[in-house]
Amino acid sequence: MLCILKLVDYHLRISFCSLFLHVRLFVLGPPIILWVFVFSVILNVGFTNNVVAVPKTGDIVCSVFKDGICQQTEMDKKRNEELFLLFMSRCESEYFDDCFAEGIEKYKVEVENFPSIYNSACESGQKISCYILGFFFENGLGGIVDNNLARKYYEASCNDTYILGCSELAYFYNNNLAGLSNPTRARELYIRACEGGESLGCFNAGLFYNIGIGGEVDYAISKKFYEQACNDGHMDSCLNLGRGYEQGLNGKTDYIIAKKLYIQACDGQNAKACNNLAHFNNSGIGGLVDHVEARVGFSQACWLGYISSCVELGIMLQDGVGGEVDIPLARNVFDHSCQLKSMGGCFNFAVYLFNGLGGEINIVRALELFQVSCDGGEVSGCNNLGILYENGEKVAVDTVKARKYYLQACSGEHMAACLSLGYLFENGKGGSEDKSYTRELYGQACKGENMRGCVSLGFLYEKGIGGVVDLAHAKKLYEKACNNEYMRGCSDLGVLYRKGLGVEIDLVRARELYLRACNGEFMPGCSNLGFLYEKGIGSDADFTRAHNLYEKACNLDFMKGCYNLATLYEKGRGVGVDLSHARKLYLKACNGNYLQGCNNFGIFLVDGRAGKINYALARDFYRKACDGEIILACTNLGYLLEHGLGGEADISKARNLYEGACKAEVKLGCTKLWILESGLSKITYYLVKLLKYSGVINLLFYQTVKKHN
Numbered sequence: 068m069l070c071i072l073k074l075v076d077y078h079l080r081i082s083f084c085s086l087f088l089h090v091r092l093f094v095l096g097p098p099i100i101l102w103v104f105v106f107s108v109i110l111n112v113g114f115t116n117n118v119v120a121v122p123k124t125g126d127i128v129c130s131v132f133k134d135g136i137c138q139q140t141e142m143d144k145k146r147n148e149e150l151f152l153l154f155m156s157r158c159e160s161e162y163f164d165d166c167f168a169e170g171i172e173k174y175k176v177e178v179e180n181f182p183s184i185y186n187s188a189c190e191s192g193q194k195i196s197c198y199i200l201g202f203f204f205e206n207g208l209g210g211i212v213d214n215n216l217a218r219k220y221y222e223a224s225c226n227d228t229y230i231l232g233c234s235e236l237a238y239f240y241n242n243n244l245a246g247l248s249n250p251t252r253a254r255e256l257y258i259r260a261c262e263g264g265e266s267l268g269c270f271n272a273g274l275f276y277n278i279g280i281g282g283e284v285d286y287a288i289s290k291k292f293y294e295q296a297c298n299d300g301h302m303d304s305c306l307n308l309g310r311g312y313e314q315g316l317n318g319k320t321d322y323i324i325a326k327k328l329y330i331q332a333c334d335g336q337n338a339k340a341c342n343n344l345a346h347f348n349n350s351g352i353g354g355l356v357d358h359v360e361a362r363v364g365f366s367q368a369c370w371l372g373y374i375s376s377c378v379e380l381g382i383m384l385q386d387g388v389g390g391e392v393d394i395p396l397a398r399n400v401f402d403h404s405c406q407l408k409s410m411g412g413c414f415n416f417a418v419y420l421f422n423g424l425g426g427e428i429n430i431v432r433a434l435e436l437f438q439v440s441c442d443g444g445e446v447s448g449c450n451n452l453g454i455l456y457e458n459g460e461k462v463a464v465d466t467v468k469a470r471k472y473y474l475q476a477c478s479g480e481h482m483a484a485c486l487s488l489g490y491l492f493e494n495g496k497g498g499s500e501d502k503s504y505t506r507e508l509y510g511q512a513c514k515g516e517n518m519r520g521c522v523s524l525g526f527l528y529e530k531g532i533g534g535v536v537d538l539a540h541a542k543k544l545y546e547k548a549c550n551n552e553y554m555r556g557c558s559d560l561g562v563l564y565r566k567g568l569g570v571e572i573d574l575v576r577a578r579e580l581y582l583r584a585c586n587g588e589f590m591p592g593c594s595n596l597g598f599l600y601e602k603g604i605g606s607d608a609d610f611t612r613a614h615n616l617y618e619k620a621c622n623l624d625f626m627k628g629c630y631n632l633a634t635l636y637e638k639g640r641g642v643g644v645d646l647s648h649a650r651k652l653y654l655k656a657c658n659g660n661y662l663q664g665c666n667n668f669g670i671f672l673v674d675g676r677a678g679k680i681n682y683a684l685a686r687d688f689y690r691k692a693c694d695g696e697i698i699l700a701c702t703n704l705g706y707l708l709e710h711g712l713g714g715e716a717d718i719s720k721a722r723n724l725y726e727g728a729c730k731a732e733v734k735l736g737c738t739k740l741w742i743l744e745s746g747l748s749k750i751t752y753y754l755v756k757l758l759k760y761s762g763v764i765n766l767l768f769y770q771t772v773k774k775h776n
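In terms of this note's numbering, the sequence shown opens at residue 68 and continues consecutively.
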């Protein structure tokens with residue numbers, strides 16, 4: 068008999084039990100031994116393949132042995148069913164799922180037989196049986212969900228003396244299940260559950276009063292229910308109570324009390340509370356800033372399953388806030404949060420994969436995750452895809468796709484994406500040009516506190532691009548950017564004051580703004596201030612200060628600063644003449660795409676200054692500058708083509724270059740064109756000029772201008 072009882076719990080002992088039966092029943096004779104052997108084989112095979120087969124095999128044994136074995140088995144089943152009921156009666160409804168799974172495992176109750184086991188008990192007034200049956204039918208444990216039957220049993224388990232089913236019934240009323248739809252009734256049932264001592268009922272009653280379900284909002288009553296549930300150990304209630312103090316919903320804002328409640332809930336393993344507590348510590352709300360505790364809090368919340376905390380933790384690990392920098396761990400955290408469907412986590416993990424941070428580069432997977440995060444509503448993913456397709460980083464350049472992704476990100480209020488989209492429309496990349504729409508996009512970025520957007524919009528108003536000139540509006544936009552520490556705004560505002568655009572000329576104010584921009588490491592501000600000192604605008608010239616400012620700008624790769632510094636070395640202003648250094652600086656400026664530097668470097672090559680004459684190379688530098696609309700460089704290139712210097716002569720191309728320069732009102736271009744078309748030699752031209760026939764020269768010059776314009 069002992070063996071049969073052990074079969075259910077210890078299937079590994081079946082073979083031993085078979086042998087035990089052989090020994091015990093040997094005295095009954097070979098036929099009995101054969102029967103037992105057969106059944107022992109059945110027990111071995113049946114249980115090995117399917118645990119559920121054991122009770123059925125036991126029934127067969129019972130049919131053979133009409134004795135106390137069957138009676139004992141039935142008694143044990145009944146006892147387990149009663150123990151299961153007792154176990155469940157001690158479980159609060161909020162933990163019912165966990166209790167149910169534990170009880171089934173512990174007492175080996177056959178779930179599919181619940182209706183036949185517990186229905187009569189329910190009808191006889193055993194309310195826990197009613198509740199179990201409601202749970203059974205609501206969750207489809209018999210294979211079919213039946214909310215109508217669930218409702219029936221929950222109603223039977225909710226009355227004046229028993230409240231376990233009240234919360235479940237309230238859920239039905241609030242969610243229109245089984246024909247029930249009455250939030251007010253749901254509120255009443257949660258209150259009844261609370262009054263009966265159920266903390267989940269108190270929590271839900273507090274929630275209903277907090278957000279106005281089933282009646283008016285009443286924060287004071289909500290607070291009372293939350294306090295009761297929190298005191299009973301319901302951590303979500305402590306969390307919501309803390310939120311009330313944080314947001315001032317309890318009559319006053321009290322960050323200290325809110326923080327204490329978050330600590331209590333976090334200690335009770337409430338992930339959201341740990342997250343909120345981490346934010347408090349990170350920002351110094353309700354106490355001192357404590358990045359170490361913030362990092363601990365985000366870590367705890369993350370591993371409790373609060374996904375956004377994982378992203379926060381990854382960023383702290385990445386930036387070394389609250390502890391050492393740990394890029395590999397940050398990568399793992401972002402990967403973990405991405406697997407938990409955090410789109411922010413997927414975006415950050417994609418960045419790590421794309422750049423090989425904390426592990427190997429995986430461009431294909433990175434692009435997939437940028438797309439996943441974008442599709443999932445993480446607009447930074449869309450913006451990054453726009454950047455990649457606009458610039459051709461690891462993908463083919465596709466400005467049409469770039470527009471699409473920037474638009475998606477901008478629609479999700481990613482202000483940098485609005486700015487980038489505006490740039491594409493301003494320059495006709497990826498589609499038609501629309502400078503008016505560019506104004507709208509830059510305006511949207513500016514309203515979203517993107518200061519670069521404000522300055523870009525200000526520039527459009529200053530120059531009249533995409534609409535009318537509005538210097539007053541430009542000034543306001545530059546001021547907004549400057550006041551928000553965007554240094555380009557300060558520098559551009561300085562330009563308005565220097566030139567008197569929309570304001571009175573104020574050179575003192577211009578200097579102040581340039582200096583502020585320069586001190587803020589905006590190098591055009593340094594260069595602009597240096598120009599004032601070089602030219603003596605607003606004060607005496609100061610070449611030394613100009614030199615220092617240009618040098619600072621150049622060293623930080625602002626190429627106009629390099630160009631301006633080169634002119635000082637070329638002319639010996641504030642420093643000794645140093646043509647070799649000037650030549651190097653012009654070349655640096657040119658290589659940095661400040662094209663006036665290309666023109667000047669070409670002049671050095673033509674004149675052989677600080678190096679050998681090289682007309683062929685000069686042609687290349689003049690051409691680069693001319694293609695960049697440095698008109699003087701076009702004239703210089705025309706001269707080399709006209710005279711066959713550095714290559715074959717090409718009078719036709721030279722004439723076209725001179726004519727283009729003349730139309731752009733570059734006097735030298737017109738002069739060169741007049742000499743070419745008049746047939747005068749260069750010597751004759753200068754001889755006439757030397758003999759002071761300047762009136763004739765000017766007349767012919769202006770006739771040339773008139774002819775070609």
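All C-beta atoms in this analysis are idealised placements derived from N, C-alpha and C, irrespective of residue type, glycine included.
Residue i (DSSP reduced to helix, strand or coil)
i, result
"Cys-225", "coil"
"Tyr-661", "coil"
"Gly-459", "coil"
"Arg-612", "helix"
"Gln-331", "helix"
"Val-90", "Its pLDDT being 33, under 50, Val-90 is placed unreliably in this model, and the value from its coordinates should be taken loosely. In the structure shown, Val-90 sits in a helix (DSSP, three-state: H, G or I)."
"Gly-351", "coil"
"Gly-641", "coil"
"Asn-147", "helix"
"Asn-551", "coil"
"Gln-193", "coil"
"Cys-158", "coil"
"Arg-676", "coil"
"Thr-466", "helix"
"Asp-501", "coil"
"Ser-248", "coil"
"Val-536", "coil"
"Phe-589", "coil"
Top-ranked residue by Cα proximity to residue i, from the options
i, options, result
"Ile-742", "Glu-732, Arg-470, Glu-726", "Glu-726"
"Glu-148", "Glu-169, Asp-573, Tyr-185", "Tyr-185"
"Gly-664", "Leu-672, Tyr-600, Leu-654, Phe-671", "Leu-654"
"Tyr-322", "Ile-352, Asp-465, Ile-454", "Ile-352"
"Glu-179", "Ile-171, Leu-208, Ile-199", "Leu-208"
"Pro-250", "Gly-263, Cys-593, Gly-232, Gly-282", "Gly-282"
"Asp-215", "Gly-569, Ser-289, Gly-246", "A small correction: the amino acid at residue 215 is Asn; Asp does not occupy that position in the sequence shown. Considering only alpha carbons, the answer is Gly-246."
"Ser-606", "Arg-578, Arg-583, Pro-591", "Arg-578"
"Leu-563", "Lys-543, Asp-213, Ala-728", "Lys-543"
Integer-rounded CB distance, given that residue j should sit under 8 Å from residue i
i, j, result
"Asn-241", "Ile-280", "7 Å"
"Cys-621", "Leu-632", "5 Å"
"Phe-365", "Met-383", "7 Å"
"Ala-397", "Gly-381", "5 Å"
"Asn-667", "Asn-703", "In fact, because the Cβ distance is near 10 Å, the residues do not count as touching under 8 Å."
"Leu-616", "Gly-597", "3 Å"
"Gly-425", "Ile-394", "4 Å"
"Gly-387", "Arg-362", "Incorrect: roughly 10 Å between the Cβ atoms, too far for contact."
"Gly-201", "Ala-217", "5 Å"
Cβ-Cβ distance between residue i and residue j below 7 Å
i, j, result
"Gly-603", "Tyr-581", "no"
"Cys-377", "Gly-412", "yes"
"Tyr-293", "Asn-307", "yes"
"Leu-527", "Gly-533", "yes"
"Arg-612", "Tyr-600", "yes"
"Leu-488", "Gly-497", "no"
"Leu-699", "Tyr-682", "no"
"Ser-594", "Lys-566", "no"
"Phe-414", "Glu-445", "yes"
"Gly-525", "Ser-558", "no"
"Ala-541", "Glu-529", "yes"
Taking contact to mean at least 3 C-beta pairs separated by less than 8 Å, is the segment 212-221 in contact with the segment 250-261? No: the two stretches stay apart, fewer than three of their Cβ pairs being nearer than 8 Å.
Flag this pair as touching only if the segment 225-233 and the segment 242-252 have three or more C-beta atom pairs under 8 Å; answer yes or no. They do not touch, by the three-pair rule.
Could you say if the segment 466-485 and the segment 448-456 meet the contact criterion of at least three C-beta pairs nearer than 8 Å? Contact between the segment 466-485 and the segment 448-456 is present: three or more C-beta pairs spanning the two stretches fall below 8 Å.
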